[in-house]
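J.:
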Amino acid sequence: MDTLGGWLNEIRFFYKRQVMLPLSPHAQALWHYLMWRANNVFWQFPLRLSLAEIAGGTKMSASMVKRARAELTEGGYILHEAFGGNKPAGYWVLSCIKPGMLLAPKGKLQDPKDIGKHNTRSDLRAGGE
6 MDTLGGWLNE
16 IRFFYKRQVM
26 LPLSPHAQAL
36 WHYLMWRANN
46 VFWQFPLRLS
56 LAEIAGGTKM
66 SASMVKRARA
76 ELTEGGYILH
86 EAFGGNKPAG
96 YWVLSCIKPG
106 MLLAPKGKLQ
116 DPKDIGKHNT
126 RSDLRAGGE
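Pasting the structure below:
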């Protein structure tokens, strides 16, 4: 993932955004967890993660994860889509260097408006799981 400057630069710009628009510690922890998971799968989105998986990985309760997820979505840090039923939700991490752009490997989809054109639903929301 070096299209927008690399993931270490994304972390640097994440903290620059915190000066003006601070996030709760739980939202910060969730953002770092999602970045770590995205790096592990070579920035292939959507990340398909269940609420229980995120709660276990971040040592937060399910309700804390939902609040942190809503905060990140409202702040423009992530996009979230609940697929319904027992299916894990989809997560897309947005750039902190160029807010509103998706993090992606070189040559891949980067504009959030294009998500619906690539075999995924376009009704992204912060809704429940």
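Our numbering puts the first residue of the sequence shown at 6, with every later residue one more than the last. Virtual Cβ for every residue (Gly too), placed ideally from N, Cα, C.
(1) So, with DSSP's three-state summary, where would you put Pro61?
(2) Given Arg22, which residues of its chain have a CB within under 7 Å of its CB, disregarding the five upstream and five downstream residues?
(3) Check the C-beta distance from Gly81 over to Leu99 and give it rounded, since I have them as a contact under 8 Å.
(4) Helix or strand or just coil, what does DSSP make of Leu13?
(5) If we ignore side chains and look at the alpha-carbon of each, how far apart do Lys122 and Asn91 end up?
(6) Could you round the C-beta distance between Val63 and Tyr38 to whole angstroms and report it? I think they count as a contact, below 8 Å.
(7) Measure the CB-CB distance between Glu76 and Pro51 and report whether it falls below 8 Å.
(8) Where does Tyr82 sit, in a helix, a strand or coil, going by DSSP?
(9) Using 8 Å for Cβ pairs, my map puts Arg42 next to Leu54. What's the rounded Cβ distance?
(10) State buried or exposed for Gly89, treating a residue as buried only when at least 16 other CB atoms are found within 10 Å of its CB.
(11) Report buried or exposed for Val70, applying the criterion of at least 16 other Cβ atoms within 10 angstroms of its Cβ.
(12) Suppose you measure from the CA of Gln33 to the CA of Ala73; what does that come to, to the nearest Å?
(13) Using the Cβ count rule (16 or more neighbours within 10 Å means buried), how would you classify Leu35?
T.: Taking the definition as stated:
(1) Taking the sequence shown and counting its residues from 1, the one referred to as residue 61 is at position 56. A small fix is needed here, since residue 61 is Gly in this sequence, not Pro. DSSP places Gly61 in helix when its eight states are reduced to three.
(2) Locating residue 22 in the sequence shown gives position 17, counting from the first residue. Correct list, in chain order: Cys101.
(3) Position 76 of the sequence shown, counted from the start, is the residue given in the question as residue 81. Position 94 of the sequence shown, counted from the start, is the residue given in the question as residue 99. Their Cβ separation, rounded to whole angstroms, is 6 Å, which keeps Gly81 and Leu99 in contact under 8 Å.
(4) Counting from 1 along the sequence shown, the entry for residue 13 is found at position 8. Under the three-state reduction of DSSP, Leu13 is assigned to helix.
(5) Translated into the one-based positions of the sequence shown, residue 122 becomes position 117. Translated into the one-based positions of the sequence shown, residue 91 becomes position 86. Confidence is the limiting factor: at Lys122 the pLDDT is only 43, short of 50, which leaves the residue's position unreliable, though a coordinate-based value still follows. Distance between the alpha carbons of Lys122 and Asn91 is about 24 Å.
(6) On the sequence shown, residue 63 is found 58 positions in, with the first residue counted as 1. On the sequence shown, residue 38 is found 33 positions in, with the first residue counted as 1. Sequence inspection shows Thr at residue 63; the Val mentioned does not correspond to that position. Rounded to the nearest angstrom, the Cβ distance from Thr63 to Tyr38 is 5 Å, consistent with a contact under 8 Å.
(7) As a working note, residue 76 is residue 71 in the sequence shown. As a working note, residue 51 is residue 46 in the sequence shown. Not in contact: Glu76 and Pro51 (Cβ atoms no closer than 8 Å).
(8) Mapped onto the sequence shown, residue 82 falls at position 77. The DSSP-derived three-state label of Tyr82 is coil.
(9) Position 37 of the sequence shown, counted from the start, is the residue given in the question as residue 42. Position 49 of the sequence shown, counted from the start, is the residue given in the question as residue 54. Rounded, the Cβ-Cβ distance is 7 Å, consistent with contact.
(10) What you label residue 89 is simply residue 84 of the sequence shown in a count that begins at 1. That one is exposed.
(11) Sequence index remark: in the sequence shown, residue 70 carries index 65 (1-based). So Val70 ends up on the buried side.
(12) For the purposes of this step, residue 33 is taken as residue 28 along the sequence shown, with counting starting at 1. For the purposes of this step, residue 73 is taken as residue 68 along the sequence shown, with counting starting at 1. Rounded to whole angstroms, Gln33 to Ala73 spans 8 Å at the Cα level.
(13) Against the sequence shown, residue 35 aligns to sequence position 30. Leu35 comes out buried.
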